[in-house]
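Chains as they are written, first to last, in my numbering: chain F, 1 to 163; chain L, 1001 to 1100. We treat Cβ as the ideally placed atom computed from N, Cα and C, and that holds for glycine. Right, one structure below, let's go through it.
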Amino acid sequence: MNIYDLIFYLFATITVLSALAVVSTKNIIYSAYNLMLTFFGVAGLYVLLGADFLAIVQLIVYVGGILILILFGVMLTNKVNGMPIHTEVTNIIPASITIGLFAGIVLAFFMNTNWKSVTTEFPATTIQSLGKLLMNEYILIFELLGVLLLIALIGAASIARKQ
Amino acid sequence: MIPIEYYLILSAFMFIMGVIGVLTRKNAIIVFMSIELMLNSANLTFVTFSSYLGNVTGQLFVFFVMTVAAAEAAVGLAIIIALFRNKQTVSIDEINILKW
């Protein structure tokens, strides 16, 4: 077992345990913090897979942006003094049937397919090739995503403001 | 080298956790976090295939998914806050005005 395997198992364990905790803890704040750990684990796996720039973006966008937004959402929608921040579960039986079927199908598909993989040497950094792709072949999607973010910004502000 | 199936099973596990959260939790914000978990597992699958096929385009699509996730987070939380202002709760059992 070399060092890469050890790092993979470390980050995989962090990801699995914290993803389990996100959906199983009763406290919403604990869920949010475990989601942060999940994002960290996935960022580590990105580094291991050779996607260095994506790992940084994952940390900046998810941990620095979306998670803070979620924590603000938790703060604004729970009466911390009166009502406790605990929640219950619902729909256990239909949900477990659906999840069991879904998990069986997905895992069987992943295990039984003969995945093709080439052992090409990945470039040391992916920033340059990503930038070239983004500015040449996918420039239209890039521009459309900018418009989408603008619309989302205006929409979120107009939905959340007081009437 | 780690077999590709390990990464795929890991991302499938994350996705299943997200489905469990969406289907069983009552708080709208936890449902929201579970959706982020599912988007992250799809991203992990993208990066895995991109790395094992030696093609960077898969990583580019992760950017697009992240952008849509950020937009979804902003709008979704705005909707949750507007709901909380109107109904004083974020429990998805009590938000049922579209149910018949």
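Item to check | Run of the alpha helix (DSSP H) containing D5 of chain F, from where it starts to where it stops | outcome: I3 to S24
Checklist entry - How would you write the range of the alpha helix (DSSP H) that T1057 of chain L sits in, first residue to last? => result Per DSSP, T1057 of chain L belongs to the alpha helix (DSSP H) from T1057 to K1087.
Checklist entry - Can you tell me whether DSSP reads S1051 of chain L as helix, strand or coil? => result DSSP places S1051 of chain L in helix when its eight states are reduced to three.
Item to check | CA-to-CA distance, E1005 of chain L to L1077 of chain L, given in whole angstroms | outcome: Distance between the alpha carbons of L1077 of chain L and E1005 of chain L is about 35 Å.
Next on the checklist: At the level of alpha carbons, what is the spacing between A103 of chain F and L49 of chain F?
Outcome noted: 25 Å
Item to check | Presumed contact (8 Å Cβ cut-off) between V1051 of chain L and A51 of chain F, rounded CB distance | outcome: Rather than Val, the amino acid found at residue 1051 of chain L in this sequence is Ser. Confirmed, Cβ separation roughly 7 Å.
Checklist entry - With burial defined as no fewer than 16 other Cβ atoms inside 10 Å of the residue's Cβ, what is the status of T90 of chain F: buried or exposed? => result exposed
Checklist entry - Any Cβ of chain F within less than 8 Å of the Cβ of A1012 of chain L? => result yes
Checklist entry - Going by DSSP, which residues form a beta bridge with S1091 of chain L? => result Here S1091 of chain L is bridged, per DSSP, to L:N1027.
Item to check | N1096 of chain L, DSSP secondary structure in three states | outcome: coil
Next on the checklist: Between which residues of its own chain and V74 of chain F is the CB-CB distance below 8 Å, once the five residues before and five after are set aside?
Outcome noted: I28, I29, A32 and I85
Checklist entry - Is there at least one Cβ from chain L nearer than 8 Å to G65 of chain F's Cβ? => result With 8 Å as the cut-off, G65 of chain F counts as an interface residue toward chain L.
Checklist entry - Measuring from the CB of V22 of chain F, is there a heavy atom of the ligand MN at a distance below 7 Å? => result Because no ligand of any kind appears in the structure shown, any question about the ligand MN cannot be addressed here.
Checklist entry - Can we say the region 1029-1037 of chain L touches the region 1048-1065 of chain L, given the rule of at least three CB pairs closer than 8 Å? => result Contact fails: fewer than three Cβ-Cβ distances are below 8 Å.
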